[in-house]
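Below is one structure; the comments refer to it alone.
Numbering (my numbering), first residue to last: 14 to 264.
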């Protein structure tokens, strides 16, 4: 990229990464039970507690540091997938403790997901997710080079383009302190939206993990489960994350 973003620091409160993924081969939702590894391939490789409505802007406020995903050309990348590691690294965020070990955290454009007929972006066309999980219980940790008083993320709008509906895996997010102790968490159960049950859209949500007292957040662990009764079920293997916002403690 022409202008590399600076590493996260307390003096960098208005930094944004923009990552865009152009042109993709679509897949068709089958009976609402298609899943992510069927789209990108199980072994696909890639290159190098408050709930509120998702905001409509990427502008940072106060001491916020926003990590958005809205503008690197990856049209030539195999599978139109971009490894998330180098972009997060620029922001002082590292990816650790991947389960299963062969999985990867990737950035992907909305067009790659059922030809854009499953998720409706609110801040960009791109999402952070985990692939190559075998559609089983999966997890990864985002470790920050600095600690924060709160970290929020957006789960995008999900919508049912056909009568087969749309599904999203159950997931949980766990805020960890510098010693790896859990200090806050959020979760969603397996999401099923079926037109025949009068559901056509699942609204976007912004989830905020807050640090209690003086134990600031040093890492976030995301756990996803796309299974129903032990069998692969959801349309995606792991949680879709549209944007991250980290907030420093006021001094």
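For glycine and all other residues, C-beta sits at the position ideal for the given N, C-alpha and C. Note that this is a predicted model, so its numbers are computed, not measured.
Report the residue from the options whose alpha carbon sits nearest the alpha carbon of residue i.
{"i": "residue 253", "options": "220, 215, 167, 242", "result": "167"}
{"i": "residue 226", "options": "196, 117, 116", "result": "196"}
{"i": "residue 235", "options": "175, 176, 244, 151", "result": "151"}
{"i": "residue 121", "options": "112, 213, 172, 100", "result": "100"}
{"i": "residue 146", "options": "126, 171, 111", "result": "111"}
Using C-beta distances below 6 Å, list every residue in its chain close to residue i, excluding the 5 sequence neighbours before and after it, in chain order.
{"i": "residue 263", "result": "none"}
{"i": "residue 259", "result": "78, 161, 164"}
{"i": "residue 191", "result": "231"}
{"i": "residue 202", "result": "183"}
Ends of the beta strand (DSSP E) at residue i?
{"i": "residue 238", "result": "230–238"}
{"i": "residue 80", "result": "77–80"}
{"i": "residue 107", "result": "106–112"}
{"i": "residue 253", "result": "Where residue 253 is concerned, there is no enclosing beta strand (DSSP E), given that its DSSP letter is neither H nor E."}
For residue i, which residues from the same chain have a beta carbon less than 7 Å from its beta carbon, with the 5 sequence-adjacent residues on both sides left out?
{"i": "residue 169", "result": "132, 133, 134, 135, 140, 217, 253, 255"}
{"i": "residue 68", "result": "The predicted position of residue 68 is uncertain, since its pLDDT is 37 and thus under 50; a value taken from the coordinates is nonetheless stated next. These residues qualify, in order along the chain: 219."}
{"i": "residue 119", "result": "59, 94, 95, 96, 97, 142, 144"}
{"i": "residue 232", "result": "154, 155, 156, 157, 189"}
{"i": "residue 109", "result": "154, 156"}
Round the Cβ separation of residue i and residue j to the nearest angstrom and send it over; I've been treating them as touching at under 8 Å.
{"i": "residue 229", "j": "residue 162", "result": "6 Å"}
{"i": "residue 205", "j": "residue 174", "result": "That belief does not hold up - the Cβ atoms of residue 205 and residue 174 are roughly 15 Å apart, past 8 Å."}
{"i": "residue 123", "j": "residue 250", "result": "About 16 Å separates the two Cβ atoms, so there is no contact after all."}
{"i": "residue 159", "j": "residue 209", "result": "The pair is not a contact, with the Cβ atoms about 48 Å apart (cut-off 8 Å)."}
With residue i as the anchor, note down where its alpha helix (DSSP H) starts and where it stops.
{"i": "residue 100", "result": "98–103"}
So, for residue i: in the same chain, excluding its five sequence neighbours on each side, which residues have a beta-carbon less than 8 Å away from its beta-carbon?
{"i": "residue 200", "result": "183, 184, 185, 186"}
query = Curious, which full-length beta strand (DSSP E) runs of at least 3 residues does the stretch 179–222 contain?
reply = 179–181, 183–189, 195–201, 204–206
Taking the runs of the beta strand (DSSP E) that are 3 residues or longer, which of them lie wholly in the stretch 122–171?
139–144, 151–161, 163–168
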